[in-house]
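According to the working numbering, the sequence shown holds residues 17 to 245 in order.
So the structure is just underneath, and the comments pick up after that.
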Amino acid sequence: MKRNVFTLLLFVCAFAGLKAQTVFSEHEDAKWGVALGYVSKDWRTDFGSGGTYKENLWGEEDKRFHGMQVGVFYQPCFKWGLGIYTGLFYEGYISLSSKMEYDEFVEHSGYIPLHLSYRIPLGRELSVSLRGGLGLNYAFYGEFREFGYEDYEGNYYGPHDYFLEYGREGWPKRFNAQAEMALSFRCKMLQVGLTYSRGLTDHRFYRADGDYKTRQNKFALSVALVLSD
Numbered sequence: 017m018k019r020n021v022f023t024l025l026l027f028v029c030a031f032a033g034l035k036a037q038t039v040f041s042e043h044e045d046a047k048w049g050v051a052l053g054y055v056s057k058d059w060r061t062d063f064g065s066g067g068t069y070k071e072n073l074w075g076e077e078d079k080r081f082h083g084m085q086v087g088v089f090y091q092p093c094f095k096w097g098l099g100i101y102t103g104l105f106y107e108g109y110i111s112l113s114s115k116m117e118y119d120e121f122v123e124h125s126g127y128i129p130l131h132l133s134y135r136i137p138l139g140r141e142l143s144v145s146l147r148g149g150l151g152l153n154y155a156f157y158g159e160f161r162e163f164g165y166e167d168y169e170g171n172y173y174g175p176h177d178y179f180l181e182y183g184r185e186g187w188p189k190r191f192n193a194q195a196e197m198a199l200s201f202r203c204k205m206l207q208v209g210l211t212y213s214r215g216l217t218d219h220r221f222y223r224a225d226g227d228y229k230t231r232q233n234k235f236a237l238s239v240a241l242v243l244s245d
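So this is what it looks like as structure tokens:
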């Protein structure tokens, strides 16, 4: 009886291995893609025994900074699954808040992922990929906008713009490096991805109050069109 069960297990394992090898050999990779997605980020300061404080650009607790992301990416890999993922993306953010005297904040930035990936084939044009590595963000332009208003005496004050001085005390730096983890699912020409970024750069929001570190963390959800070989 034991011999029969052992023989059956060997047969099942051999069949599963053959099936997996067939899926790997028949799978068609999609190396190039164009993605459009949603991104949000916040800044987290560690005050040690005083706890942590999460905020958006306006200093509002437990609020995030929202925007959109668009770009192209390249994700080649070996037949057995190991590969890389990189690309060039644009990120645009628009934020409104009643906390500040300005009506709106707009930011334009660039993003480059540098990831190692492992692709798990589920069919000819069906797969799941796990990724991890480094992400690089650089803010090109940030501007506060005031749309203009009329005071109680009827005097009108026109629009006013104020450019963000990146790196100044209380404001983020232009450059942010981040450790990233990502998961993507591909079905034919459609690929959906989730990315979580943990900041490595210290933006030093509260440098005057002590040696506290402020990290910029980010979350992204994207939908992409991909091209197979």
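Cβ coordinates follow ideal geometry from the N, Cα and C atoms, glycine included.
This one's a predicted model, so the numbers in the text were calculated from it and none came from an experiment.
Q. Can you tell me whether DSSP reads residue 66 as helix, strand or coil?
A. Residue state, collapsed to three classes: helix.
Q) Are there 16 or more other CB atoms within 10 angstroms of the CB of residue 109, so buried, or fewer, so exposed? A) Residue 109 comes out buried.
Q: Buried or exposed for residue 95, please, with buried defined as at least 16 other CB atoms from any protein chain shown within 10 angstroms of its CB.
A: For residue 95, the number of other beta carbons within 10 angstroms of its own is below 16, and it is reported as exposed.
(Q) Going by the DSSP bridge assignment, what does residue 137 pair with across the sheet? (A) Residue 137 is bridged to 143.
Q: Keeping to the same chain, check which residues put their C-beta closer than 7 Å to that of residue 63; ignore five residues upstream and five downstream.
A: Closer than 7 Å at the Cβ level, and outside the excluded window around residue 63, lie 69 and 228.
Q.
Which of the three DSSP states is assigned to residue 37 in this structure?
A. In this predicted model, residue 37 has a pLDDT of only 48, less than 50, meaning its place in the structure is not dependable; the value taken from the coordinates is given anyway. Of the three classes helix, strand and coil, the one that applies to residue 37 here is helix, per DSSP.
Q. Apart from the five residues on each side of it in sequence, which residues of its chain come closer than 7 Å, Cβ to Cβ, to residue 155?
A. Contacts found: 123, 125, 182 and 190.
Q | Residues that residue 230 bridges to, as DSSP identifies them | A | Beta-bridge pairing links residue 230 to 61.
(Q) On the DSSP bridge list, what partners appear for residue 91? (A) When DSSP reads this structure, residue 91 sits in no beta bridge, so it has no partner.
Q: Quick one: give me the first and last residue of the beta strand (DSSP E) that residue 211 is part of.
A: Element bounds for residue 211: 206-215.
Q) Buried or exposed: where does residue 73 fall if 16 or more other Cβ atoms within 10 Å of its Cβ makes it buried? A) Using a 10 angstroms sphere on the CB of residue 73, the tally of other CB atoms reaches 16 or more, which defines it as buried.
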